[in-house]
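Residue numbers (the numbering used here): 14 to 221.
Just so it is clear, CB atoms sit at the ideal spot from N, CA and C, and this is done for glycine as well.
As structure tokens, the structure follows; a few thoughts come after it.
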């Protein structure tokens, strides 16, 4: 245990883990603690229990965790993850350098580093079969990613870039068709990329 103060910058560094908490992030002085948990086969690092999830923190802090040796193609696919009570993983991003994954996080709890090679998922919400889009004049999709999070999306309608809007809370992607479609057959292509470079391309031909 180590004493951390609310009115100071607090740091802790071991050979395999580093923490830097900015001044004013903690609400009170506390005995800071961490421990290495049982290994998780889904991760490329140990699991660290950082303080506890019930301790509030006001600002983001820097957390660095050392990974096992990785091949060059995997160093760009690493993601800092939080291990939830049910064992599920939620991504906190970050970057890998010199053997460490470093991310800005704003909670305490259990953390480790995972590899994300799974591309994003795009699911049509519009029923193309009954041509409901002819009435609504919009196409809607839900886009999700397992860990790294969505970085960008790009839509082409009949080979031309088309504006699409994303609702961050619902992960709903919307395309307004008004003034963009042609009589007869139209071709839509949507490319989604996550924050570690995994891509998905969705293509659909529909009648207007």
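Annotation for residue 146: the continuous alpha helix (DSSP H) segment containing it runs 146-149.
Per DSSP, residue 87 is not a residue of any beta strand (DSSP E); the alpha helix (DSSP H) it occupies stretches across 85-88. Within its own chain, the residues whose Cβ lies closer than 6 angstroms to the Cβ of residue 219, once the five positions on either side in sequence are excluded, are 141 and 199, listed in chain order. The beta carbons of residue 146 and residue 157 sit no closer together than 7 angstroms. Excluding its 5 nearest sequence neighbours in each direction, residue 97 has C-beta neighbours in its own chain below 7 angstroms: 103, listed in chain order. The residue from 119, 48, 95 and 68 with its alpha-carbon nearest to that of residue 33 is 119. Proximity to residue 70 across 17, 25 and 221 peaks at 17, based on C-alpha coordinates.
Following the DSSP letters along the chain, one finds residue 213 inside the beta strand (DSSP E) bounded by residues 212-220. In this structure residue 212 touches residue 132 by the C-beta definition: roughly 6 angstroms separates them, less than 8 angstroms.
Annotated three-state conformation of residue 55 is coil, per DSSP. When secondary structure is reduced to three states using DSSP, residue 79 falls in the strand class. Only residues of its own chain outside the window of five on either side were considered, and among them 79 have a CB closer than 6 angstroms to the CB of residue 112, listed in chain order. The residue among 195, 176 and 180 with its C-alpha nearest the C-alpha of residue 189 is 176. Scanning 36, 24, 37 and 55 for the CA closest to the CA of residue 46 turns up 24.
For residue 67, the three-state secondary structure derived from DSSP is coil. Closest in alpha carbon position to residue 36, among 48, 72 and 90, is 72.
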